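Notes for the one structure printed next.
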């Protein structure tokens, strides 16, 4: 049975949404999967996912001021993490976006291009929830979620780059947003509490997971009994979506990987 259904201009618990640039929201509770070694893409600056052909979407320029050098706390290679393959279930794994590209995540045009407010409204956040922003980057969605689930809620902001979490902390401080807990995950473990998370939101990041099987197994363990995993990806079925194919996913592929 399919976990997904098409819902024009709306999102349900298990649904799909189409926005001007073809974002699809896929929500499901992934089945537990056996953990097998898969391969990690190197931590490198991701080439822009945005195609320059016939698109008004333009990638942000590299960060101008360069106070962000690799932090001394950057994680070292962990011998416990298995080597990764380049492909997973027929899909090529994309490289992780480097923290130097973080300004693109908070670009002024993002709302117009992706209708982020539509997504936020459709997920029906409630005060007091525990929400994980998986692959949070510098917190574009994290801070919005924190405001939605206050009072009493908490956002577990997970990223594998400590530099991204530093940028998130600074944005939260400037905007005086409380209820945000930065979490430094690993390539195989988001470091979330078991059975406690009401909603895990993963926006334009799952396709970059170097070890998707291990991550999905860990994600399932962290979900509360009625918890949800929501993936938001650019849809690969539409060739007009101005995103490089490596950074898109089809409904068929998502079903294959989550079930």
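Residue numbers (our numbering): 196 to 454. By construction, the Cβ of each residue, glycine as well, lies at the ideal position given by its N, Cα and C atoms. These numbers were taken from a predicted model, which means no experiment stands behind them.
Boundaries around residue 378 are those of the beta strand (DSSP E), 375-379, since no alpha helix (DSSP H) includes it.
Between residue 281 and residue 315, the CB-CB gap reaches or exceeds 8 Å. The straight-line gap separating the alpha-carbon atoms of residue 286 and residue 309 is approximately 24 Å. Annotation for residue 420: the continuous beta strand (DSSP E) segment containing it runs 418-430.
Residue pairing by DSSP places residue 444 opposite 430 in a beta bridge.
Listed in chain order, the beta strand (DSSP E) elements of length 3 or more contained wholly in the stretch 294-338 are 325-329. When beta bridges are read from the DSSP output, residue 282 appears opposite 287. Exclusion of the five residues before and after residue 354 leaves 331, 360 as the residues of its chain whose Cβ lies within less than 6 Å of its Cβ.
Annotation for residue 410: 383, 385, 404 place their beta carbon closer than 7 Å to its own, counting only its chain and skipping 5 residues before and after. Residue environment for residue 351: buried (at least 16 other C-beta atoms within 10 angstroms of its C-beta). Fully enclosed alpha helix (DSSP H) runs of no fewer than 4 residues occupy 357-370 of the stretch 337-373, in order along the chain. Residue pairing by DSSP puts residue 392 in a beta bridge opposite 418. The beta carbons of residue 346 and residue 322 sit about 6 Å from each other, so the pair counts as a contact at 8 Å. Taking a contact to require three or more Cβ pairs closer than 8 Å, the stretch 410-423 and the stretch 432-450 do not qualify as touching.
Selection 275, 313, 290, 277 evaluated against residue 441 yields 290 as nearest (Cα-Cα).
Beta-bridge annotation (DSSP): residue 398 is paired with 427. Judged by DSSP in its simplified three-state form, residue 413 adopts helix.
Put simply, the backbone Cα of residue 395 is about 13 Å away from that of residue 319. Nearest Cα to residue 398 within the set 277, 294, 334, 295: 334. Taking 8 Å as the cut-off, the beta carbon of residue 401 is found closer than this to the beta carbon of residue 426.
Measuring C-alpha to C-alpha distances from residue 349 to each of 357, 393, 284 identifies 393 as the nearest. In the three-state DSSP reduction, residue 386 falls in the coil class, being neither helix nor strand.
When DSSP states are grouped into helix, strand and coil, residue 274 belongs to the coil group.
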